[in-house]
Amino acid sequence: MKILLILLFLAIIVFVPTYGQSSENTPQTYQIHITKDSYNQGCEMTDSCYSPSEIHIKQGDTISWINQDDALHTVTSGNPSIGHDKSFDSGLLKANDVFSYTFRDNNKSYSYYCNLHPRMIGYVLVGESEIVKITQKLEQKDPILFDSDFKIEKF
């Protein structure tokens, strides 16, 4: 009887503290927000087009991008200079649309951008990877102004 009580006590000490706790290896889901008004130039100067603009995750984790802007956007792996690297692509995201991707490769860094607004760049670092920042030469263009007679005939 004494041995049975000792074994029960040891079982409680060993198993109860870990019950209900998540394992370090349990995949997590993180959110990245495509920020409001990020279609306007300027967010790239403060790394605020995506929030966060850089994220460190583990292999098997998932990121969900949420478009909180009024404009259409994409989440396209690669960079605007070289183009899409075929890892992931959201297609067009309308306001409040969500795109999720699970990162299966370990120790790899990813850059991504918006095809429609290529100055918008973000980074995902999986495991022990190093970030490789993309530098862009930004052109300042004058806006196109339309008069009151401007009409869109087909959309």
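Read in order, the letters of the sequence shown correspond to residues 60 to 214 in this note's numbering.
Backbone N, C-alpha and C define an ideal beta-carbon position, used for all residues, glycine too.
As the structure is a computational prediction, the values presented were derived from the model and not from experiment.
By the 10 Å Cβ neighbour count, where 16 or more other Cβ atoms means buried, how is G101 classified, buried or exposed?
-> exposed
Which residues does DSSP pair with V115 in a beta bridge?
-> According to the sequence shown, residue 115 is His rather than Val. Partner(s): L184.
Beta-bridge partners of D148, as assigned by DSSP = For D148, which the question treats as bridged, DSSP gives the partners T135.
With 16 other CB atoms within 10 Å as the buried threshold, where does V157 fall?
-> exposed
If you follow the beta strand (DSSP E) that I122 is part of, which residue opens it and which one closes it?
-> 121-126
Where D148 and Q87 are concerned, what is the direct C-alpha to C-alpha distance, given to the nearest angstrom?
-> 20 Å
Within 10 angstroms of the Cβ of M179, are there 16 or more other Cβ atoms? Answer buried if so, exposed if not.
-> buried
What residues in its chain sit with their C-beta under 8 Å from that of T194, if we drop five residues either side in the sequence?
-> none
Figure out for me which residue from G119, T121, C108 has the closest Cα to the Cα of T133.
-> C108
Assumed close pair I114, H92 - CB separation to whole angstroms, cut-off 8 Å | The distance from the Cβ of I114 to that of H92 is about 11 Å, inconsistent with a contact at the 8 Å cut-off.
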